[in-house]
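Residue numbering for the sequence shown is 129 to 588, as defined by our numbering. For every residue, glycine included, the Cβ atom is placed at its ideal position computed from N, Cα and C.
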Amino acid sequence: MRTSKRGFLLGTKIGETNVFFLDAQGRQILALEIRVARDTSELTALIQRLVPEARVVVDSVNESIILTGDVPNGLAADQVLRISGQYAGGTDKVLNMMNVLSGDQVMLRVRIVEMQRSVIKQLGMNLSSSNILNQLLPKDWGIKFATANGFSVNGAFLGGTTLDSSWARNFIRPVSNTFDDAKSALRDPSQYAGAGGYSSTFDPTTNITKVTYGPGELVTGERTDSNIQALERVGLARTLAEPNLTATSGEPAKFLAGGEFPVPTAQEGNRVSVEFKPFGVGLGFTPIILSPDRISLKISTEVSEISTAASFRQADTLIRDAAGNVTDTIRGLSIPGVSVRRAENTMELPSGRSMVMAGLIQQATRQSIEGLPGLKDLPVLGNLFRSRDFQSNETELVIIVTPYIVKSTTMDELQTPGDGYAPASDAAALLLGRMNRMVKPDSKGLPKGRYRAPIGHIVN
Numbered sequence: 129m130r131t132s133k134r135g136f137l138l139g140t141k142i143g144e145t146n147v148f149f150l151d152a153q154g155r156q157i158l159a160l161e162i163r164v165a166r167d168t169s170e171l172t173a174l175i176q177r178l179v180p181e182a183r184v185v186v187d188s189v190n191e192s193i194i195l196t197g198d199v200p201n202g203l204a205a206d207q208v209l210r211i212s213g214q215y216a217g218g219t220d221k222v223l224n225m226m227n228v229l230s231g232d233q234v235m236l237r238v239r240i241v242e243m244q245r246s247v248i249k250q251l252g253m254n255l256s257s258s259n260i261l262n263q264l265l266p267k268d269w270g271i272k273f274a275t276a277n278g279f280s281v282n283g284a285f286l287g288g289t290t291l292d293s294s295w296a297r298n299f300i301r302p303v304s305n306t307f308d309d310a311k312s313a314l315r316d317p318s319q320y321a322g323a324g325g326y327s328s329t330f331d332p333t334t335n336i337t338k339v340t341y342g343p344g345e346l347v348t349g350e351r352t353d354s355n356i357q358a359l360e361r362v363g364l365a366r367t368l369a370e371p372n373l374t375a376t377s378g379e380p381a382k383f384l385a386g387g388e389f390p391v392p393t394a395q396e397g398n399r400v401s402v403e404f405k406p407f408g409v410g411l412g413f414t415p416i417i418l419s420p421d422r423i424s425l426k427i428s429t430e431v432s433e434i435s436t437a438a439s440f441r442q443a444d445t446l447i448r449d450a451a452g453n454v455t456d457t458i459r460g461l462s463i464p465g466v467s468v469r470r471a472e473n474t475m476e477l478p479s480g481r482s483m484v485m486a487g488l489i490q491q492a493t494r495q496s497i498e499g500l501p502g503l504k505d506l507p508v509l510g511n512l513f514r515s516r517d518f519q520s521n522e523t524e525l526v527i528i529v530t531p532y533i534v535k536s537t538t539m540d541e542l543q544t545p546g547d548g549y550a551p552a553s554d555a556a557a558l559l560l561g562r563m564n565r566m567v568k569p570d571s572k573g574l575p576k577g578r579y580r581a582p583i584g585h586i587v588n
């Protein structure tokens with residue numbers, strides 16, 4: 129109190145309080161209800177100066193600010209909200225009750241094109257040769273030579289052409305003493321009867337002797353085998369996805385075309401639960417309309433597919449009895465991996481203009497040569513002692529985005545792929561091979577105007 133008739137009240141924080149004034153006898157002469165609030169006149173003037181098209185009323189409750197009124201679009205509402213957040217010390221202290229007059233929406237068209245080219249070449253030759261030398265070495269002794277060239281890059285021969293050839297020569301002699309054919313063996317063959325299973329029968333009417341040899345033994349055996357394997361495989365794959373997604377300015381939107389595959393996860397108490405992981409073509413974006421011809425985009429796009437290259441294989445579990453013998457086997461789990469191409473970006477584009485968001489060129493080459501050391505390096509003849517395995521994978525990925533500021537329309541202006549479809553009659557299906565009825569160009573239910581898009585026949 130400065131004097132008996134003048135006093136000053138200082139508010140230390142936002143809120144409400146009561147003040148009572150008493151005279152010398154303790155009687156109440158004045159009662160005041162005082163409310164301490166923010167001075168929003170400065171914020172109102174700032175909003176009117178920076179966002180002149182907005183018609184906003186600013187009020188304060190305790191430490192929060194309430195915004196009411198009309199704004200022309202979402203961009204103006206976002207600007208007013210950010211200005212008020214700086215004034216109040218954070219957007220969490222601002223209650224947005226503004227009315228957006230025009231609900232601007234953004235449609236994002238994404239074109240994802242991926243080309244994959246793979247080349248596999250395999251060429252190999254294996255030789256095998258064996259020789260039994262009973263004349264020089266003890267019985268059933270011999271020499272064997274063989275090459276076993278594999279295809280380590282791909283793990284095995286994948287197909288193609290296989291050419292096998294073999295050559296063998298054996299020399300067998302009877303288990304009997306040799307004799308001179310120049311002697312009178314045919315005139316008197318009985319002298320060799322029983323020698324090494326030898327027997328003969330003489331027919332006096334025809335004067336012909338029939339000679340039969342019994343079991344014999346291998347003197348020399350030679351065998352040579354060759355195996356040629358050749359393969360050349362070229363593969364080409366094209367992936368095209370054109371997801372379209374629409375969202376209100378400032379709000380996120382997500383899209384996924386694909387599926388989910390189960391992945392087991394460990395839990396407490398030795399329990400196993402299943403978690404599903406998504407794969408396919410995914411798109412997520414948050415648009416903000418900066419001006420009637422300018423759009424800010426925060427985009428996340430992804431192309432994923434199940435791949436066995438990064439799969440996980442759990443080891444088998446053996447069940448044993450008390451003696452330690454294996455009684456059963458629990459097969460381990462096999463969890464596939466996921467091959468992912470992902471891109472995240474923030475950009476600004478005019479409505480209807482396109483930009484390449486991301487691009488990827490990847491090339492992986494693997495090759496190996498297996499063969500006999502020394503001999504595989506010989507010119508020309510070295511091909512007989514080596515195998516070559518070659519694998520090449522090339523991938524090119526391009527992602528193109530195009531935003532559009534769109535507005536709602538009537539149902540008559542829209543069309544679905546099923547409009548005008550009707551199954552063919554039994555007669556048309558059996559006699560003409562048709563799957564659907566022919567629709568006349570002037571049939572009802574089709575959109576008006578000319579169809580502006582690639583049209584024609586699809587022949588598979």
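Same chain only: Cβ atoms within 8 Å of residue i, ignoring 5 sequence neighbours per side
i	result
G460	R441, Q442, A443, D444, T445
N224	L195, A205, L209
Q495	V281, R516, D517, F518, Q519
L229	D198, V199, P200, N201
Secondary structure of residue i, DSSP reduced to three states
i	result
E170	helix
A274	strand
D187	strand
A216	helix
F513	helix
G397	helix
E541	helix
I175	helix
D421	coil
I142	coil
K133	coil
K382	strand
D316	Residue placement at D316 is poorly supported in this model, since its pLDDT is 45, which falls under 50; the coordinates still yield a value, given next. Three-state DSSP puts D316 in coil, outside helix and strand.
D547	coil
K535	coil
D151	coil
D505	helix
A557	helix
Residue i and residue j closer than 7 Å at C-beta
i	j	result
G197	V185	yes
N589	E161	Past the edges of the chain, shown from 129 to 588, lies residue 589, and the structure says nothing about it.
G202	I417	yes
P371	L411	yes
A471	P415	no
M563	A552	yes
S432	V468	yes
L255	T275	yes
A492	N521	yes
I193	V238	no
S419	E476	no
Residues near residue i in its chain [Cβ-Cβ closer than 6 Å; skip 5 each side]
i	result
N473	I427, M485
E403	V391, T393
A550	R565
K249	E360, F518
S132	none
A358	L251, G288, T289
V454	L446, R448
G487	V526
S482	I528, T530
E524	M243, I489
I157	F149, D151
I356	M253, L291
Residues that residue i bridges to, as DSSP identifies them
i	result
D206	Per DSSP, none; premise fails for D206.
L364	R245
F279	For F279, which the question treats as bridged, DSSP gives no partner whatsoever.
T429	L411, A471
M225	T196
D456	I447
Cβ shell of residue i (< 7 Å), same chain only, five flanking positions each side left out
i	result
S462	S439, R441
D456	I447
S293	S354
G499	N277, F513, R514, S515
A165	I142, S188
A296	E350, R351
Proximity test, Cβ basis, 7 Å: residue i and chain D
i	result
R459	The structure shown contains no chain D; it is built from a single protein chain.
Counting pairs of beta carbons, one from the segment 234 to 248 and one from the segment 518 to 532, are three or more of them closer than 8 Å?
-> yes
Is the segment 404 to 411 close to the segment 382 to 392, with three or more CB pairs under 8 Å?
-> yes
Cβ contact check for the segment 360 to 371 and the segment 242 to 256: 3 or more pairs under 8 Å = yes
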